[in-house]
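>
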Amino acid sequence: MTKSSTLIRKIAAWTLAASLLLSGFTACGQKKSPEDEDAAEKTELLTGVYRGTVYPLPEGYSIDSSAAATYDPETDTVSCFATGYFENEDGDYEANSALFRLGPDGVKEEIPLDLGTDAYVSASCTVGDDMVFLAQSWDDSGTPENSLVRWTEGGCETTDRLERFFSQGAENGWFTINSLAADGDGNLYLGADQEIAVLKPDMTLLSNVFTSSWINGMETGADGTVYICSWFDEGTGIAPVDPVSHSIGKPILLPNGSEFFFGPDFDVYVSTNTALVGMTFGENGSESETLVDYVNSNLNPNEVRILGVIDRDTVLIAEQTDPENWTSSPAVYRHAEDVDLSQVTVIELAYGNQDLGYSLPQRIVAFNKAHPDMRIVVKDYTEYAASDDWEAGIRQLASDMVTGVYRPDIVAGSPDRQDLSALKAKKLYRDLIPFMEKDDVLTPDNLFGCVKSALTDPSDGTLWCMTSDFMLQTLLSTGKILGKYADRSGWTIGEFLDFASSLPADVELGEGMSQDSAAAYLGGSYGAFIDEEAGTCSFDGEDFLRWLEFLKTLPKDYMELGTVSALEQTPWEERYELYRAGKVALQSKGLHDLGDFLQLEMPFGTEDYRLIGYPAKEGESGTWLRADLALVMTNWCEHPDEAWEVISSFCDGSLESYHNGLPVLKTEFDKQAEEYLTYEFAFYYDGSSSWGTIDPDHPMTEDDLDRPGILKHFTKDDAVRIRSFLDQPAKLIADTVDDEVNAIVYEEISALTAGVSSPADCAKKIQSRVSIWLAEHK
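In this text, residue positions in the sequence shown follow this note's numbering: the first is 4, and each later residue adds one.
1) By the DSSP assignment, the alpha helix (DSSP H) with C453 in it spans what residues?
2) Classify Q675: buried if its beta carbon has 16 or more other beta carbons within 10 angstroms, exposed otherwise.
3) In angstroms, rounded to a whole number, what distance separates the CA positions of E112 and L102?
4) Quick one, which of F600, A428, I251 has its alpha-carbon nearest M474's?
5) Expressed to the nearest angstrom, what Euclidean distance is found between the alpha-carbon atoms of C83 and A72?
6) Give every residue of the same chain whose Cβ lies closer than 6 Å to the Cβ of P711, excluding the five residues on either side of it in the sequence, and list them in chain order.
7) Evaluate V307 with the Cβ neighbour count: other Cβ atoms within 10 Å of its Cβ, from every protein chain shown; 16 or more gives buried, anything less gives exposed.
8) Pick from F532, T696, Q323: whose alpha carbon is nearest that of L777?
9) What span of residues does the alpha helix (DSSP H) with V124 cover, start to end?
10) Which of the three DSSP states is assigned to R772 in this structure?
11) Grab me the residues of Y96's own chain with a C-beta within less than 6 Å of its C-beta, minus the 5 sequence neighbours each way, in chain order.
12) Looking only at its own chain, which residues have a Cβ that is under 7 Å from the Cβ of T295, when we skip the five neighbours before and after it?
13) Is there contact between the region 716-732 and the region 589-604, where contact requires at least three CB pairs shorter than 8 Å?
14) Return helix, strand or coil for C640, following the three-state DSSP convention.
15) Would you mind sorting H780 into buried or exposed? The rule is 16 or more other CB atoms within 10 Å of its CB.
16) Which value, in whole angstroms, describes the spacing of the CA atoms of E62 and M206?
17) By DSSP, does E498 sit in helix, in strand, or in coil?
18) Three or more C-beta pairs under 8 Å: does that hold for the region 645-653 against the region 364-379?
19) When the Cα atoms are used, what is the spatial distance from V81 to S289?
20) Would you kindly work out how many angstroms separate the C-alpha atoms of A339 and G224, rounded to a whole number?
21) Which of helix, strand or coil does DSSP assign to C468?
22) By the DSSP assignment, the alpha helix (DSSP H) with V295 in it spans what residues?
23) Taking the alpha carbon of S140 as the reference point, which residue from E198, E148, D133 has its own alpha carbon closest?
24) Does the distance from the CB of F542 to the CB of Q770 come in under 8 Å?
25) Just the Cα atoms here: how many angstroms apart are I255 and G227?
26) Look at the alpha carbon of A185 and the alpha carbon of S127, and state the distance between them as a whole number of angstroms.
27) Just to confirm, is the Cβ distance from Y582 to S517 under 8 Å?
28) To the nearest angstrom, how far is the alpha carbon of K3 from that of E563?
29) How far does the alpha helix (DSSP H) with E750 in it reach, from first residue to last?
30) Check whether the Cβ atoms of T481 and D611 lie closer than 8 Å to each other.
31) For N99, which of helix, strand or coil comes out of DSSP?
32) Can you tell me where the alpha helix (DSSP H) holding M605 begins and where it ends?
33) In chain order, which alpha helix (DSSP H) runs of at least 4 residues are fully inside the region 516-585?
34) Mapping DSSP to helix, strand and coil, what is Q217?
35) Contact between the region 398-417 and the region 632-642: three or more CB pairs below 8 Å?
36) If you draw a straight line from the alpha carbon of N287 to that of P76, how long is it in whole angstroms?
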């Protein structure tokens, strides 16, 4: 047998050990509350620890995680398929593919593969000594083209126009094939949308099998049966495909997973958002065991790509080895001893917000790798969440902390959620200003004014939390339209209503303004009329009465708005014409990065734009700040200096590749601004945009725009203007009122807009009911 046949047989053998890689699911099971179990305890032992050894590919190559790979423990080698992109003599990049046999010290064997196509390989499988690749490319019109490339020692055979094997191919004109597998008889299974085309070894059609839902993945089990992964009537799971009866077999339900594998020791392996779990099925249901805890094993859960499960103690993973070029090599992770945390400083971090599942773990892993003398351990309260109550973990964490059941060192979340706001309300946090005054980077003077003002507790001037990045929400207009308010950085509700009443009849105040949506201009609640510190409210005042009268002049809902609003009746890409004609006075604007500021001249067609902000209380900012990832150091934290090291590393730019939003520090802003000077931006009136590094030999011009829009370059003047704006005060969007208070207000306003009560009666009832609520909860 030749070397190449031996290598391919090794790869083919992998399907008998760990072959079912199926993707596309998210599900959550709700955990019981602490009333049903023991109180939460601090972590003293790291379990589920696996340690990895990288089997490096040559420079420039990256493992294809969609292709088969295997580990041979007898020879300590990994066999895999990989692709690299290399520059040719003409300066173009070409794809080079090869089969590799790798040891811990590098390449043991390399077999170049000429697939005969420039297409992207999206999946592969083995059939005997051959490898079959699913190749995808796009024609000049952007339509996907799918082909099968069968590689043998003698060369490649290509089967194109795969859509002819699908009934839906002719109907839709184009579609994408997303799955490929081979059964024990050498038949090939192609999955697209809700249809499977089964091809005989001679590449003629054997069968078409239809599914009730989208096919999220497809691979071969140990007995040669092909399984699909999909959503069934009973839930998410896997099921065998029967090409003879043109049917799908009884599904095996697999909750809590996004990837699934067959392998020894368990009936199935499930990769969840936090761990690799082994599951066994029996007459009394299923049992599961956590094997690889990703964070405890210093693995970023968002980047884990499992290639196969060799056995319960050995897992093959694609590990990023060159972050700059996004290349990965295979790594063998083996079960290690539990880690006793008594010898390191432990900082326990808790969170209950499912939205943090992406950004938070990668920062924790990066910190733990860089600090061997410390360890962030995580208490994940999202396990309490359910599909119909995703905030259950947030509420449970807040309750456990307020009642003393659980006392973490740091809590991560969003300030507008109960887990963080409860700590603020009960003063269960440490003031961060003293730590900042001793820091070299995250100092009070280096912190933007909008961040400092928004995260400061106005009752005592303490900085109660810190965020790694943020976005701003404000109202955009022009100096000409705003008139006497043009040079103001904010306005009160009364002034806002004065402005609205002064507009000509044919000028709309703002986009999407109806009775149902108008409260969005007040932050989605009516906190402007409540003084929580004093426990009083002013719904019986003139401003609120005027607000109610203003509401009655608006269309009832979005449907009615569409019948009277010229803006709503105008296609999105043409609305700028109404703004520039002075037919719309205000536009709500979100600012997520520096590039967003370059678009501010677009709606009204002038650089004399003004950011006036939303109406607010006298002396308060109308610019709203939202922080998706904020950190609070609790006042029972036993290692405050070390906890501050965690917080500062998350926020000071040292983990800059993990940030998503505007920078909190002026020094980080300056770095970003310097980089933005090298970019050019194209903003289009249909809402799309593109940007890239300026080519000094061929810079873009207005003639390069293929549809209406503007071309912008970031300048030093832009940097000065943006920096000045970010240093102005802002208001935390979390500074809203309790949901129960909002419910009272909205209930009475609904009666008003339904014609059941008058503005005066509505205001009187709200004042009475909210006053009672405030007195009861003071």
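Where a beta carbon is used, it is the ideal one built from N, C-alpha and C, also for glycine.
Quick answer:
1) It spans 452-457 - the alpha helix (DSSP H) in which C453 sits, taken as one unbroken run.
2) With 16 or more other Cβ atoms within 10 Å, it is buried.
3) Answer to the nearest angstrom: the Cα atoms are 8 Å apart.
4) Residue nearest to M474 within the set F600, A428, I251 is F600 (criterion: CA-CA distance).
5) Looking at the two C-alpha atoms, the distance is approximately 4 Å.
6) Excluding positions up to five away in sequence, the list reads Y688.
7) Buried.
8) Looking at F532, T696, Q323, the one whose alpha-carbon comes closest to that of L777 is F532.
9) Where V124 is concerned, there is no enclosing alpha helix (DSSP H), although the beta strand (DSSP E) it sits in stretches over 123-130.
10) Correct three-state label for R772: helix.
11) Within the same chain, and ignoring the five residues on either side of Y96 in sequence, the residues whose Cβ sits closer than 6 Å to its Cβ are Y88, E90.
12) Here the sequence assigns Val to residue 295, which means Thr is not the residue at that position. For V295, where only same-chain residues beyond five positions count, the Cβ hits under 7 Å are G51, Y53, A278, L279, V318, Y336.
13) In short, these stretches touch, since the Cβ pair count reaches three.
14) C640 carries a coil assignment under DSSP once its states are collapsed to helix, strand and coil.
15) Classification of H780: exposed, given that the 10 Å Cβ count is below 16.
16) Approximately 37 Å between the Cα atoms of the pair.
17) In this structure, DSSP gives E498 a helical state, which the three-state scheme calls helix.
18) The region 645-653 vs the region 364-379: in contact.
19) For V81 and S289, the distance between alpha carbons rounds to 32 Å.
20) Looking at the two C-alpha atoms, the distance is approximately 28 Å.
21) Here C468 carries a coil assignment [DSSP, helix/strand/coil].
22) For V295, there is no enclosing alpha helix (DSSP H); the enclosing beta strand (DSSP E) covers residues 288-296.
23) The alpha carbon of S140 has as its nearest neighbour, out of E198, E148, D133, the alpha carbon of E148.
24) Q770 sits close to F542, with the two beta carbons spaced by under 8 Å.
25) Between I255 and G227, the C-alpha separation is close to 17 Å.
26) Each residue's alpha carbon lies about 9 Å from the other.
27) No.
28) Residue 3 is absent from the model: the chain starts at 4 and stops at 781.
29) Run containing E750: 742-756, per the alpha helix (DSSP H) assignment.
30) Yes, they are a contact pair.
31) Strand at N99.
32) Careful: M605 lies outside any alpha helix (DSSP H) and carries neither H nor E.
33) The region 516-585 contains these whole alpha helix (DSSP H) runs: 545-555, 561-567, 579-583.
34) Checking the displayed sequence, the identity of residue 217 turns out to be Trp instead of Gln. Coil.
35) Yes, the region 398-417 touches the region 632-642.
36) Between the alpha carbons of N287 and P76 lies a distance of about 35 Å.
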